[in-house]
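This report concerns only the one structure given below.
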Amino acid sequence: MNTTTTRNPTVTESKTSRRLHDGWSVEAVGGPVEASVAGRSISASVPGSVHTDLLAAGLITDPYLDDHERLQAWIGACDWEYRTSFDWDDDGAENVELVFEGLDTVASITLNGSLVAETRNMHRTYRFDVLPLLHKGKNELTVRFDSAVRYADSESLRQGYRPHVNHHPYNSIRKMACSFGWDWGPDTATVGLWRGVTLQSWSRARLQSVRPTVTVNGTDGVATVRVEIERGETTAPAASALSAHITVGDMSAIVALEPGEIVAEARIVVNDAELWWPIGHGEHPLYDIDVVLTDGEAELDSWRGRIGFRTVRIDTEPDESGTPFTILVNDRPIYIKGANWIPDDAFPHRVDRARYERRIVQATHANINLLRVWGGGIYESDDFYDVCDELGMLTWQDFLFACAAYSEEEPMRSEVEAEARDNIVRLMPHPSLVIWNGSNENIWGYQEWGWEKRLGERSWGLGYYLDLLPNLLAELDPTRGYTPSSPFSPTDEHHPNDPNHGSVHLWELWNRQDYPHYRDHNPRFVGEFGWQGPPTWSTMTRSITDSPLTPESPGMLVHQKAQDGNVKLIDGLVAHLELPDDIDDWHWAMSLNQATAVQTGIEHFRSLAPHCMGSIVWQLNDCWPVTSWAAIDGDGRAKPLLYAIKHAYSDRMLTLQPRGDELIASASNDTGSSWSGTATVRRLRFDGTELATSAVECEVPARTTATIRIDLAAATPDDASSELLEVTLGGQRALWFFTEYRESKLQAPELNVRSSSVEGGYAVTVTAGNLVRDIALLVDKLDVRAHIDDQIVTLLPGESITFTVTSDAQIEHSDWSKSTVLRSANQLVVTA
20 MNTTTTRNPT VTESKTSRRL HDGWSVEAVG GPVEASVAGR SISASVPGSV
70 HTDLLAAGLI TDPYLDDHER LQAWIGACDW EYRTSFDWDD DGAENVELVF
120 EGLDTVASIT LNGSLVAETR NMHRTYRFDV LPLLHKGKNE LTVRFDSAVR
170 YADSESLRQG YRPHVNHHPY NSIRKMACSF GWDWGPDTAT VGLWRGVTLQ
220 SWSRARLQSV RPTVTVNGTD GVATVRVEIE RGETTAPAAS ALSAHITVGD
270 MSAIVALEPG EIVAEARIVV NDAELWWPIG HGEHPLYDID VVLTDGEAEL
320 DSWRGRIGFR TVRIDTEPDE SGTPFTILVN DRPIYIKGAN WIPDDAFPHR
370 VDRARYERRI VQATHANINL LRVWGGGIYE SDDFYDVCDE LGMLTWQDFL
420 FACAAYSEEE PMRSEVEAEA RDNIVRLMPH PSLVIWNGSN ENIWGYQEWG
470 WEKRLGERSW GLGYYLDLLP NLLAELDPTR GYTPSSPFSP TDEHHPNDPN
520 HGSVHLWELW NRQDYPHYRD HNPRFVGEFG WQGPPTWSTM TRSITDSPLT
570 PESPGMLVHQ KAQDGNVKLI DGLVAHLELP DDIDDWHWAM SLNQATAVQT
620 GIEHFRSLAP HCMGSIVWQL NDCWPVTSWA AIDGDGRAKP LLYAIKHAYS
670 DRMLTLQPRG DELIASASND TGSSWSGTAT VRRLRFDGTE LATSAVECEV
720 PARTTATIRI DLAAATPDDA SSELLEVTLG GQRALWFFTE YRESKLQAPE
770 LNVRSSSVEG GYAVTVTAGN LVRDIALLVD KLDVRAHIDD QIVTLLPGES
820 ITFTVTSDAQ IEHSDWSKST VLRSANQLVV TA
């Protein structure tokens with residue numbers, strides 16, 4: 020039957036947007052469906068994913084627990100259909116569009132039985148004209164998702180083999196690579212509407228994009244705001260003159276769009292603008308920017324964002340030592356104290372602004388000033404970037420190419436360009452974003468991982484990194500830095516992981532060598548390095564119910580994704596500490612070793628400044644409970660590693676470093692004022708007896724690193740196993756032990772503990788009767804919600820430290836002293 024709809028002649032002037040997040044259901048429609056799910060229509064969440072929908076319905080158990088990941092592999096092999104209905108009444112708008120902010124991934128969209136579109140990219144926003152398909156009253160919307168696993172397999176055949184890590188050809192599909200598993204992540208390969216869905220109505224014209232290019236001219240902030248509009252096609256689009264009203268802070272401009280014009284640009288100058296600085300360098304003021312599109316008195320559309328006035332550039336000009344990689348903000352070189360960021364959940368729709376804020380605040384407490392958004396994840400959300408803008412956290416966004424070769428042919432090339440355009444425009448207003456990166460390890464992989472001979476003449480992505488992506492940035496976001504890959508040597512004649520040129524990744528230490536060998540490297544910038552350790556005790560025991568629980572029990576192995584991960588953990592431990600047989604001691608030993616390894620690396624790299632201008636630890640966070648390189652585990656708890664990073668990245672940091680046949684002290688001053696005073700050097704017995712002493716006057720200017728020479732007599736032990744070297748300067752201290760833990764004469768810890776209730780929790784004071792190395796109060800064993808302000812603290816005989824513990828639990832005084840809670844390296848050393 021044919022139905023003719025008479026449209027309301029009154030035209031809606033302002034754009035309206037309606038969320039379509041309610042009333043969804045999902046049903047399996049193909050593949051190896053479990054009997055308990057087959058034929059069932061299940062309530063679904065949007066934004067969401069099929070795994071979390073099945074979990075909410077009680078049809079699967081938590082995929083993060085035990086071996087559930089393997090038992091639930093059938094989900095990723097199935098096809099799923101999402102369905103909802105909504106009422107619609109014609110309000111006279113000339114255009115009605117269905118907007119999907121995130122479809123994961125192989126989707127077919129149908130409205131009232133008519134195919135709207137087929138999409139193949141998780142990382143794009145899609146907009147479809149659906150006015151001809153809408154009915155007055157009830158409308159049926161369905162989105163069918165084909166299995167991403169099967170699609171990736173078929174596409175890998177169509178595109179032709181291209182090398183990749185892990186076991187699925189994630190490089191043949193534009194989906195979050197780590198959805199298919201990684202060496203720290205589960206293989207979930209979920210589907211769903213992972214970002215918002217809206218029905219948008221508009222007439223005459225709408226804002227298609229707003230691109231503020233921000234610069235600084237003397238004391239003035241300059242925002243060049245480019246507005247692109249889409250005009251409607253039903254009401255003489257060329258006959259209407261429109262206006263864009265643009266406001267930045269207190270300054271504003273009105274720009275006319277003459278009939279037929281779709282682009283307008285305004286240059287707005289904010290006199291004596293407050294500069295946006297990264298954390299540790301100044302304040303982070305943000306200016307509101309508003310754009311209103313009008314036709315006469317009628318408001319058609321509007322957009323709001325925030326900008327910060329700052330400049331950024333990357334110095335890669337060759338010097339006498341090679342090629343630097345230095346990030347400058349407002350022409351000030353910034354020493355990067357960074358960490359790599361992965362999706363904070365394997366189901367990223369679950370990460371809201373509050374969770375982003377918790378995680379980024381944890382990073383700031385660890386003195387981190389840059390987060391690198393890694394290329395096997397997602398283009399992070401505006402919530403992530405909003406928080407970074409507000410806190411002064413610098414950000415580095417990879418384009419989404421990681422550890423694989425990628426086809427440059429169609430349709431892949433067009434998908435890559437479309438997603439890059441989408442996300443460049445979306446993210447460019449954020450002042451925290453200072454660098455784009457073309458790929459993670461792909462140029463290095465081509466040269467060193469055997470790709471060249473396997474690929475033959477096939478494309479592998481280099482055209483994206485050297486041509487397409489930098490050209491898009493030149494067009495859309497010309498003021499930020501760009502590097503084609505990480506690692507990368509900016510000069511063609513050098514290996515991409517050459518430590519003398521550009522950025523490097525240092526993985527031989529974890530994979531084959533040992534962490535003291537970080538000191539053998541003299542890099543210009545370290546984009547990745549790291550060491551594995553288990554999650555916190557509470558997270559580990561919540562997610563794994565093995566009995567007995569051992570490092571190699573079934574659940575523990577499921578939650579260890581690295582190749583030969585446990586073997587590397589052992590090999591990286593036994594040169595320093597005995598391998599414990601008790602699981603509690605094993606957990607503590609591996610946690611301590613992870614913290615020590617990374618702190619060793621950071622302190623060495625900082626001692627090389629300005630030759631080396633930063634390091635980015637792999638990695639800040641986890642997406643599920645797992646043994647990994649993360650400093651914050653999958654339940655959001657800080658591991659001892661996070662506190663080691665806090666110490667090594669402190670604004671003023673002292674470290675002792677071997678240099679040839681001598682020891683030197685290095686003082687890093689990442690503050691705006693000079694650090695001067697007398698550096699006191701003492702060689703001590705473990706019992707506190709002073710054996711040698713010297714004093715050195717020194718001054719460390721702002722934002723510099725200085726070397727303090729150590730008197731040879733002070734640095735030469737009589738008995739290496741029972742002596743240490745201490746250097747103090749202005750409240751900072753560095754310690755050097757002449758032998759490894761296991762070769763030293765550490766004694767059983769003699770610790771006195773006093774606790775008192777304070778607002779928000781407890782103050783716990785620990786006093787040492789003897790030398791106690793690397794004290795940690797593992798408070799999650801007493802309260803899974805507790806937090807502590809510090810860990811990994813060494814006390815000389817008679818010294819004390821007071822820990823601040825945030826907790827609302829009732830904790831008995833005697834609990835703080837439990838040997839499994841109050842931990843130290845002394846407990847792990849076998850003494851004669």
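If you count by my numbering, then the sequence shown holds residues 20 to 851, one letter each, in order.
Glycine included, each C-beta is placed from N, C-alpha and C at the ideal position.
How is the alpha helix (DSSP H) around residue i delimited, first residue to last?
i	result
TYR662	659 to 667
ARG377	372 to 384
ARG329	It is not in any alpha helix (DSSP H) - ARG329 carries neither H nor E in the DSSP assignment.
MET609	602 to 626
THR558	556 to 562
SER173	167 to 178
ILE298	Segment: none, ILE298 is in no alpha helix (DSSP H) and carries neither H nor E.
Could you give the first and the last residue of the continuous beta strand (DSSP E) run that contains residue i?
i	result
PRO352	351 to 353
LEU814	812 to 814
TYR306	306 to 314
TYR483	That residue, TYR483, is in no beta strand (DSSP E); it is neither H nor E in DSSP.
MET270	270 to 276
What are the residues that DSSP puts in a beta bridge with residue i?
i	result
PHE199	ASP206
LEU754	GLU745
ASN114	TRP221
ARG38	THR217
CYS717	GLY696
GLY679	None, per the DSSP bridge assignment.
TRP470	For TRP470, which the question treats as bridged, DSSP gives no partner whatsoever.
ASN359	ARG391
GLU318	THR313
LEU452	THR414
TRP107	GLY156
THR724	SER687
Considering Cα atoms alone, identify which of the options is closest to residue i.
i	options	result
ILE443	GLU471, THR498 and ARG538	THR498
PRO51	GLU113, VAL168, GLN551 and ASP109	VAL168
TRP643	ALA63, ASP148, PRO205 and TRP107	PRO205
GLY780	VAL69, LEU770, PHE822 and GLY817	PHE822
HIS806	THR726, VAL719, ALA767 and TYR662	TYR662
GLN227	TYR465, ASP533 and ALA283	ALA283
GLY500	ASP402, ASP401, MET447 and GLY357	MET447
GLU174	LEU73, HIS264 and TYR425	TYR425
ARG214	GLY67, ILE353 and ASP81	GLY67
GLY480	GLU436, GLU718, SER522 and HIS520	GLU436
THR383	CYS407, ALA373 and TYR398	CYS407
ALA828	GLN846, GLU100, ASN490 and LEU801	LEU801
ARG792	THR784, ALA782, GLN810 and SER776	GLN810
How should residue i be labelled, buried or exposed, when 16 other C-beta atoms within 10 angstroms of its C-beta is the threshold for buried?
i	result
SER833	exposed
LYS665	buried
ALA255	Legend: pLDDT at ALA255 = 49, less than 50; position of this residue unreliable, value from coordinates given subsequently. Per the 10 Å Cβ criterion, exposed.
ALA628	buried
GLY679	exposed
ALA725	buried
ARG804	exposed
ILE192	buried
GLU159	exposed
LYS580	buried
HIS186	exposed
ASP182	The sequence given here has Pro at residue 182, not Asp. Result: buried.
THR124	buried
So, for residue i: in the same chain, excluding its five sequence neighbours on each side, which residues have a beta-carbon less than 6 Å away from its beta-carbon?
i	result
TRP607	ARG842
Leaving out five residues on either side along the sequence, give the residues of the same chain with a beta carbon under 8 Å from the beta carbon of residue i.
i	result
HIS524	GLU460, TRP463, SER505, PRO506, ASN516, VAL545, GLY546, GLU547 and PHE548
THR697	ALA714, VAL715, GLU716, CYS717 and LEU748
Which same chain residues, not among the five before or five after residue i, have their C-beta less than 7 Å away from its C-beta?
i	result
TRP605	PRO570 and PRO599
CYS97	ALA47, GLY49, GLY50, PRO51, VAL52 and SER166
Kindly say whether residue i, judged by its beta-carbon, lies nearer than 8 Å to any beta-carbon of chain D.
i	result
VAL125	Among the chains of the structure shown, chain D does not appear; only one protein chain is present.
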